[in-house]
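In my numbering, the protein residues as written are -6 to 119.
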Amino acid sequence: MSKSYIGAGGEKMTDCIFCKIVAKELPADIVYEDEQIIAFRDVKPVAPVHILVIPKRHIESLQTTDSTDDQLLGALMGVARQVAKEQNLAGYRVATNIGKEGGQVVKHLHLHVIGGRPLSDLPALG
Ligand code: AMP
C-alpha cells in the first residue's frame, strides 16, 4: 500500500523511502533524532561507518532549498559533526549528491557521513 506525505511546497509525496523511514513505516538503524532531523545507518555501507543525515520534511535535494532553509542546512551539518564524534571518527567525509548527474538516487535530501577507514579509494558516492 502506498502512502502520501506532504512535501516542502505542500505537494503530496508518494513512496519516498526516506519519508517512510521518518514515519517509522520502514525499519532503519536510527542513531540520532530530533524534531526536524533524523540520522540512520546506510543499508549498503561503503565504509565501517556510513550514516545518512536527513531532514524529516521532504526536500528533494540541496538544489531545491533556498535561504529560508539555511537554519535547517546548518543543523544537518551539526548533526553530521555530532554523529561523527559519537562514532569516534578520526577523519571522515560529509557529502550530498544532487540530481541524477550528481549521483543522487534517493530524491530526499541527505548527507552521507562516511568514515572508519582511509577514504582515498572512494572517489564517488552512490
Ligand atoms: P544517493 O545515491 O546519494 O541518493 O544515496 C542514497 C543512499 O541511500 C545509498 O547509499 C543507499 O544505500 C541508501 N539507502 C537506500 N535505501 C535505504 C534504506 N532503506 N535504509 C538505509 N539506507 C538506504
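Positions of the beta carbon are idealized from the N, C-alpha and C atoms, including for glycine.
Note that the coordinates shown come from a computational prediction; the quantities given were computed from them, not determined experimentally.
| request: Give me the Cα-Cα distance between residue 11 and residue 99, rounded to the nearest whole angstrom. | output: Translated into positions along the sequence shown, residue 11 becomes position 18. Translated into positions along the sequence shown, residue 99 becomes position 106. If you take the alpha carbons of residue 11 and residue 99, they lie about 8 Å apart.
| request: Starting from the C-beta of residue 56, find all residues in its chain whose C-beta is less than 7 Å away, skip the five residues before and the five after it, and write them out in chain order. | output: The residue labelled residue 56 in the question sits at position 63 within the sequence shown. Excluding positions up to five away in sequence, the list reads 91, 92.
| said: Excluding the 5 residues flanking residue 14 on each side, which residues of the same chain have their C-beta closer than 6 Å to its C-beta? | reply: Mapped onto the sequence shown, residue 14 falls at position 21. Closer than 6 Å at the Cβ level, and outside the excluded window around residue 14, lie 21.
| field | Rounded C-alpha distance that separates residue 119 from residue 39 | value | In the sequence shown, the residue the question calls residue 119 occupies position 126. In the sequence shown, the residue the question calls residue 39 occupies position 46. Legend: pLDDT at residue 119 = 47, less than 50; position of this residue unreliable, no value from coordinates given.
| task | Within the stretch -2 to 50, note down every full alpha helix (DSSP H) run reaching 4 residues or more, in order along the chain. | result | 10 to 15
| query | Excluding the five sequence neighbours on either side, which residues of its own chain have a C-beta within less than 7 Å of the C-beta of residue 65, listed in chain order? | reply | Counted from its first residue, the sequence shown places residue 65 at position 72. Contacts found: 29, 48.
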